[in-house]
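**Student:** Going by the working numbering, the first residue of the sequence shown is number -18, and it counts up by one from there. Let me begin by handing over the structure; questions about it come next.
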Amino acid sequence: MKNRTRNTIAVAVAGAALVLTGCSSGGGAATGTSGKPVTGGDLVIDRAADASSLNKTTVFDNNSIFVDEQIMEPLFSVSNDGKSVKPWLASGYKVSADKLTYTITLRKGVEFSDGKPMTSADVVFSLDEDTKTGSDGWGYINSAIDDVKAVDADTVEIDLKYAWAPILADLSLFSNGIIPDNYGGETADEFYQHPVGTGPFKWGEWKKGQYLKLTKNTHYWQKGKPYLDSVEWNVVPDANTRKLQIQGGQADVDEYPDWSSFASLKSSPGVTATAFPSTEIDYIAFNEKRAPFDDVHVRQAVADAIDRTALVKAVLYGNGKPANSLLMPGLPYYDASGGQSYDLAAAKKALAASSVPNGFSTTLLIASGNANQAAVAQIMQSELKKLNIDVTIQQLDPTSNHAARVQSNFDMAYSAWTMDIPDPDEWTTFAVDPAGGANSAFTFYNNPQVVSLNQQAEKEIDSTKRGELYSQLQKLTSQDAFLAYLYYPPYAYATTSATKGFFVTPLGNYHLEDVYKTK
């Protein structure tokens, strides 16, 4: 899901892990007029679509992930600037000289929401649970892990198969969140109907398609937090309805308001609208299992025909930048050279060399009630007519739309990605490796040379050499046009002025233990 210039994330441990910062609360709660946060109250967040599942090892949608992160916490967490990781349920770590063994000490006094203490046995089980999902979930993120074992109740040892640059970043991913050993005696299916973790909130109630509610974890390890009694995510597909509810005070947070209404929200009394810097890329996915998108010339033609600068103006109202690469400007190793750009002459030439030189008919899947996606679809529909490509816009409600994309039930589909860790491997492996958990972002893209480059980059400890590998990968993926990049937008949120301490990192994470309401 980048309003920023290129920057490089610092790397430590001979390039094997991201820089660690001292542990602190997530966003740093703002204070009220008394100088202290207010305790109590219920936070209501409006969003377009419901969560799909709370199984942290297999979910791929932010609507589920953002809920999971409030219940189940990892050993390390992302810093506020999104550039490093910091100890969270871990208190520290040591690395062997050969960079193959990480010895991690656990934070003292951490309890699950049921009051039972967290131990190394829980950590071993939780990491193994994620690893075992393999290509059916987020297990690919742990592919370098050879063994996880408990040294004692407060210490865990992780042995790697080979040196692995993003290991600490991987351990900060939500899928590696810590849960009770053996699911607390339940089956996995039973457990994830009411998951238990160490997070600031615990399971409450889920009326699917309507709302999901969590309540305060009174055993939370950050003493005095969370401030709120509960958090409720309401499913409100229509953007205008969400806008009216935030303006009327029926909701406290509007998640991703349309950019068409963003300016008016900023000027609304009692509302604060914020464009948080992000690591989001919005793109059009091509289903290579469906003709003619199995033809690289067709994909190149569509990608070249998109005027991204015009999209930023018309859809984002100037918020964001045109996307030209698989990686985002907020990530390390982003390379702006040799990427996709608007070139109508090149688009016509590519289509002429394709299996459908005279054009074709196709569909573009978007989420209903989303003005941003509707605007992009209409502009693309008009632009592709110049190539004699007839596009029918297919709209599904956000929840059904997500299911269709995950099942690869589309010709072209509007989609987006936002990073969860400060390392490109999470996205590149998901996007370009068919074994990365999602058939290459549900497109069935498979270029062995790209897969090889990605695997080399995962194991390359030298930052300069790693950057060279990612530059090659970005050039090849742009040429293959398995995705048509659109733009890098910031994260749009609107909150009531009474909602304090709400902060979103460039990786999309928000720490609701820091949020409180003044009335």
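Glycine included, C-beta positions come from ideal geometry on N, C-alpha and C. Since the structure is predicted, the reported quantities are computational estimates derived from the model, not experimental observations.
Residue 17 CB to nearest chain C CB: under 8 Å?
**Tutor:** Looking at the structure shown, chain C is missing, and only one protein chain is on hand.
**Student:** Check whether the Cβ atoms of residue 58 and residue 67 lie closer than 8 Å to each other.
**Tutor:** The count along the sequence shown starts at 1 and reaches residue 58 at position 77. The count along the sequence shown starts at 1 and reaches residue 67 at position 86. Yes, they are a contact pair.
**Student:** Taking DSSP's pairing of strands, which residues face residue 396 in a bridge?
**Tutor:** Here residue 396 corresponds to residue number 415 of the sequence shown, with the count starting at 1. DSSP, once it has assigned bridges, lists 264 as partnering residue 396.
**Student:** With a Cβ-Cβ cutoff of 8 Å, do residue 282 and residue 322 count as a contact?
**Tutor:** Sequence index remark: in the sequence shown, residue 282 carries index 301 (1-based). Sequence index remark: in the sequence shown, residue 322 carries index 341 (1-based). Not closer than 8 Å, so no.
**Student:** Is residue 240 helix, strand or coil when you go by DSSP?
**Tutor:** Taking the first residue of the sequence shown as position 1, residue 240 is located at position 259. In this structure, residue 240 counts as helix in the three-state DSSP scheme.
**Student:** Kindly examine the ligand ATP and report whether one of its heavy atoms sits closer than 7 Å to the Cβ of residue 69.
**Tutor:** You won't find the ligand ATP in this model; it holds no ligand whatsoever.
**Student:** So, is residue 186 buried or exposed, given that buried needs 16 or more other C-beta atoms within 10 angstroms?
**Tutor:** Along the sequence shown, read from residue 1 onward, the residue named residue 186 stands at position 205. Counting Cβ neighbours within 10 Å, residue 186 comes out exposed, since fewer than 16 surround it.
**Student:** Among the candidates 29, 341, 319, whose CA atom is the shortest distance from the CA of residue 348?
**Tutor:** For the purposes of this step, residue 348 is taken as residue 367 along the sequence shown, with counting starting at 1. Checking every option, the nearest Cα to that of residue 348 belongs to 29.
**Student:** Could you give the residue range of the beta strand (DSSP E) that holds residue 214?
**Tutor:** For the purposes of this step, residue 214 is taken as the residue at position 233 of the sequence shown. Where residue 214 is concerned, the enclosing beta strand (DSSP E) stretches over 211 to 216.
**Student:** Where does residue 135 sit, in a helix, a strand or coil, going by DSSP?
**Tutor:** Taking the sequence shown and counting its residues from 1, the one referred to as residue 135 is at position 154. Of the three classes helix, strand and coil, the one that applies to residue 135 here is coil, per DSSP.
**Student:** Rounded to whole angstroms, what is the Cα-Cα separation between residue 251 and residue 477?
**Tutor:** Your numbering for residue 251 matches position 270 in the sequence shown. Your numbering for residue 477 matches position 496 in the sequence shown. When rounded, the distance between both Cα atoms is 6 Å.
**Student:** Assuming residue 280 and residue 303 form a contact by the criterion Cβ under 8 Å, report the distance between their Cβ atoms to the nearest whole angstrom.
**Tutor:** Along the sequence shown, read from residue 1 onward, the residue named residue 280 stands at position 299. Along the sequence shown, read from residue 1 onward, the residue named residue 303 stands at position 322. At roughly 18 Å, the Cβ-Cβ gap does not stay under 8 Å, so residue 280 and residue 303 are not in contact.
**Student:** Would you mind sorting residue 326 into buried or exposed? The rule is 16 or more other CB atoms within 10 Å of its CB.
**Tutor:** Locating residue 326 in the sequence shown gives position 345, counting from the first residue. By the 10 Å Cβ count, residue 326 comes out exposed.
**Student:** Touching or not, the segment 153 to 164 and the segment 44 to 52, by the rule of three or more beta carbon pairs under 8 Å?
**Tutor:** With a cut-off of 8 Å, the segment 44 to 52 and the segment 153 to 164 count as touching, because enough Cβ pairs lie within range.
**Student:** Consult DSSP for residue 185 and reduce its assignment to one of helix, strand or coil.
**Tutor:** Position 204 of the sequence shown, counted from the first residue, corresponds to residue 185. Note: residue 185 maps to strand in three-state DSSP.
**Student:** Is it the case that the segment 126 to 145 contacts the segment 174 to 181, given that we only count it when at least three CB pairs across the two stretches are under 8 Å?
**Tutor:** With a cut-off of 8 Å, the segment 126 to 145 and the segment 174 to 181 do not count as touching, because too few Cβ pairs lie within range.
**Student:** Could you give the residue range of the beta strand (DSSP E) that holds residue 82?
**Tutor:** Position 101 of the sequence shown, counting from 1, holds the residue named residue 82. Looking at the DSSP string, the run of the beta strand (DSSP E) that includes residue 82 is 82 to 87.
**Student:** Measure from the alpha carbon of residue 217 to the alpha carbon of each residue in 229, 196, 192, then state which is nearest.
**Tutor:** Taking the first residue of the sequence shown as 1, we reach residue 217 at position 236. Answer by Cα proximity: 192.
**Student:** Among 291, 337, 399, whose alpha-carbon lies nearest the alpha-carbon of residue 359?
**Tutor:** Residue mapping note: residue 359 aligns to position 378 of the sequence shown, counting from 1. For residue 359, the nearest C-alpha among the options comes from 291.
**Student:** Nearest to residue 287 by CA position, among 365, 475, 227, 98, is which residue?
**Tutor:** To locate residue 287, count along the sequence shown from 1; it is residue 306. Of the listed residues, the one whose Cα sits closest to residue 287 is 365.
**Student:** Pull up the CB-CB distance for residue 92 and residue 202, whole angstroms please, since I reckon it's below 8 Å.
**Tutor:** Taking the first residue of the sequence shown as 1, we reach residue 92 at position 111. Taking the first residue of the sequence shown as 1, we reach residue 202 at position 221. The pair is a contact, with the Cβ atoms about 7 Å apart (cut-off 8 Å).
**Student:** Let me confirm a value: residue 244 is counted as buried when at least 16 other C-beta atoms fall within 10 Å, else exposed. Which label applies?
**Tutor:** What you label residue 244 is simply residue 263 of the sequence shown in a count that begins at 1. Residue 244 should be labelled exposed.
**Student:** For residue 342, tell me which candidate among 418, 122, 316, 374 has the shortest Cα-Cα distance.
**Tutor:** Translated into the one-based positions of the sequence shown, residue 342 becomes position 361. Comparing Cα positions, the closest option is 374.
**Student:** Could you say if the segment 405 to 417 and the segment 265 to 279 meet the contact criterion of at least three C-beta pairs nearer than 8 Å?
**Tutor:** The segment 405 to 417 vs the segment 265 to 279: no contact.
**Student:** If you follow the beta strand (DSSP E) that residue 46 is part of, which residue opens it and which one closes it?
**Tutor:** In the sequence shown, counting from the first residue as 1, residue 46 sits at position 65. No beta strand (DSSP E) contains residue 46, which is instead part of the alpha helix (DSSP H) from 43 to 52.
**Student:** For the beta strand (DSSP E) containing residue 68, list its first residue and its last residue.
**Tutor:** Walking along the sequence shown from the start, residue 68 turns up at place 87. Start and end: 66 to 68.
**Student:** Hey, out of 229, 74, 87, whose CA is closest to residue 133's CA?
**Tutor:** As a first step, residue 133 is located in the sequence shown; it is residue number 152 there, counting from the start. Closest option to residue 133, Cα to Cα, is 87.
**Student:** Please report the residue range of the alpha helix (DSSP H) in which residue 229 lies.
**Tutor:** Numbered from its first residue, the sequence shown carries residue 229 at position 248. Counting along the chain, the alpha helix (DSSP H) containing residue 229 begins and ends at 220 to 229.
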